[in-house]
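One structure below.
Residue numbers (full-length UniProt numbering), protein chains in the order written: chain A, 1 to 350; chain B, 1 to 350.
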């Protein structure tokens, strides 16, 4: 067994989660293009493709390069990249081995991409803001961006959005309605302008079950493969579906509490406004991690007896994407056997 | 230049910070044993030793192994390790090349260490809780732990604490007083029990200037080499002393705000209760990062004109230790030249 703390994947649960999203997409007649930033792991992306995914989504060029190097041949970098000569060259290189698309959310970005990507096969999707208010243009401005892109000779594949405002208690269904409304309006505008979208892409793990598959043609969830304490606390995935945990050891009983050897350097420091602590313990659902530093998690066990010093406890990280990005290896367990899976795209932010 | 986002170290400021702490320790007649978990970087630890550090502190066995492999010969793992056969073997192996000590904060931990470390040269320091309430025993319980350790034949070097409650506005001076009171009491108890401490160790970056060098014989600050937005906002280090920034690019003007290509996967997701955002911008001290996701920082520029798309902006991470642990390389700048410094102990949580 590896030394604690380490991240452990329950392969049976992982397969179940992969299958559930694949079925949802297949039954709805839409494509599933999972976001691999969650796991950054070639072995897991292969399971997703084997279950019917049409391709993968990444957040960065470095992630895209890693997966293309491992044979993935259809990648959408779902991010409004601002290209320069170097990144445009890296992107163009990828098109020798894969179908490649990137996001764009401004007329200037479209013009810049057109200038740098020349007559390349890289396609663009215009990002729409459906209420998360991070990146993306309002639906009524999609035509301006798409026209600027088309003018440079680049192919505009369609539109995409991220309904990230689904990450709040009670918000997923409404976020999915916002997503459908914004994408529907954007698609109508593009069609009216003679640039009908081939792809209308959305999706987030909290809103997934509410996605309007009459509007969307593609889903890009990421977290669904593992789940995490955020999904648990939002009521999106029950703890029994969570496929990744951090195995920890009890190192201290200081102050009559349990202190674990896992901290923000393996769990991540995420704590959303709705989170009740810094991660959750499946064996102790009433417990809360009340204090987290780099290598300590202080647990309030809500009156339960203290597990002995040296014993093992599993923790579900709040935000699994950031936890995975802290380790070089995931340990996937099936029938008591552990396999080491490299986090191949770890740390590739650029 | 590396692609953004990347972490950049201002070498002149780094040297200045290293010198200031070295002077403080030398003038007070105490040893400086910097915590290398902040930088995990051999090149920076060498600068600290060259400036007079007596050795290094680490949080994990993996960090200790990395530094010993690079020639560091005096390491204190300032953590109450719960040993098993494997980790005890790794620890004993280190003693061939270095003077090694670990922390302990329970009678059971001392007995366990004694059982597994046999007649090894590994020394113990008893951890005292001085008010942070994470790990460590109250000062009046130090003798019990030290006696249990001494009974096994292990050498007890002394006591240590971490005044982590210095991390709050206005708290550093009082935290330093708590530290001195707890360590002083612990040292008296040990002396009265015939186990006088050779080392009385404390220190944190916020409380460093207030440390009672009549009580402490050793200081273990970590963050002081770089500083970060936490130190800036606590008033401990001015922005002009901050030696590490994340260089980012403006990728979007969505919603009339600036969106940068740096998110929680390079800055870390830390946001202390007193933090005013998710990092600070030295060129725009009034600005705040109001929203942070994995690859986006949304900035409210407080009315300033939007920097153009594609332009560069520097961000000071909230908590530099977690930011550094996300990258494989630091880029150290001096006189316009960049040197790539590996984050040699990145990700070594165990």
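Glycine included, C-beta positions come from ideal geometry on N, C-alpha and C. Remember, predicted model here, so these are calculated numbers, not experimental data.
- Short of 7 Å from the beta carbon of residue 268/B, and not among the five residues preceding or following it, lie these beta carbons of its own chain, in chain order: 317, 318, 319, 322, 323, 326.
- Against chain A, a Cβ distance below 7 Å from residue 133/B picks out 255.
- Residue 57/B and residue 274/B have their C-alpha atoms spaced approximately 27 Å apart.
- In the displayed model, residue 266/A falls within a helix according to three-state DSSP.
- Relative to the Cα of residue 92/A, the nearest Cα in the group 115/A, 22/A, 206/A, 108/A belongs to 115/A.
- Those residues of the segment 27 to 47 of chain A placed with their C-beta closer than 7 Å to a C-beta in chain B are 37, ordered along the chain.
- Against chain A, the CB of residue 295/B has a partner CB under 8 Å away; the residue lies at that interface.
- Residue 310/B and residue 83/A have their C-alpha atoms spaced approximately 8 Å apart.
- For the segment 182 to 207 of chain B, the set of positions with a beta-carbon nearer than 8 Å to some beta-carbon of chain A is empty.
- Among the bridge pairs identified by DSSP, residue 6/B is matched with 247/B.
- Remark: C-beta atoms of residue 152/B and residue 136/B do not approach each other more closely than 8 Å.
- With a 10 Å radius around the Cβ and a threshold of 16 neighbouring Cβ atoms, residue 306/A comes out exposed.
- Per DSSP, residue 122/B lies in no beta strand (DSSP E) segment and is marked neither H nor E.
- In the three-state reduction of the DSSP assignment, residue 293/A falls in the strand class.
- In chain order, 176, 202, 203, 219 place their CB closer than 7 Å to the CB of residue 211/B, counting only its own chain and leaving out the 5 sequence neighbours on each side.
- At least one CB of chain A lies nearer than 8 Å to the CB of residue 108/B.
- Interface criterion not met: the Cβ of residue 172/A is under 8 Å from no Cβ in chain B.
- Going by DSSP, residue 28/A is part of the alpha helix (DSSP H) stretching over 11 to 28.
- Look at residue 33/B here: in three-state DSSP terms it is coil, with no helix or strand label.
- In the DSSP assignment, residue 184/A falls outside any beta strand (DSSP E) and lies within the alpha helix (DSSP H) extending over 172 to 192.
- Annotation: the continuous alpha helix (DSSP H) that includes residue 87/B extends over 85 to 94.
- Here residue 332/A is bridged, per DSSP, to 9/A, 339/A.
- Among the bridge pairs identified by DSSP, residue 99/A is matched with 74/A.
- For residue 147/B, the enclosing alpha helix (DSSP H) covers residues 142 to 151.
- In this structure, the straight-line span from the alpha carbon of residue 337/B to that of residue 1/B is close to 10 Å.
- Taking the beta carbon of residue 120/B as reference, no residue of chain A falls within 9 Å; the closest one sits roughly 19 Å away.
- DSSP places residue 158/A inside the beta strand (DSSP E), whose first and last residues are 155 to 161.
- The three-state reading of DSSP puts residue 166/A in helix, counting H, G and I together.
- A straight line joining the alpha-carbon of residue 349/B with that of residue 180/A spans about 43 Å.
- The C-beta distance from residue 258/B to residue 5/B rounds to 14 Å, too long to meet the 8 Å contact threshold.
- In the DSSP assignment, residue 312/B falls within the unbroken beta strand (DSSP E) covering 312 to 315.
- In this structure, DSSP gives residue 54/A a state outside helix and strand, which the three-state scheme calls coil.
- For residue 216/A, not one C-beta of chain B is nearer than 8 Å to its own C-beta.
- Assignment of residue 242/A by DSSP, reduced to helix, strand and coil, places it in the coil class.
- Using beta-carbon distances, residue 137/A counts as an interface residue toward chain B, with a partner under 8 Å.
- Contacts between residue 328/B and chain A, judged by CB atoms closer than 8 Å, involve 347 in chain order.
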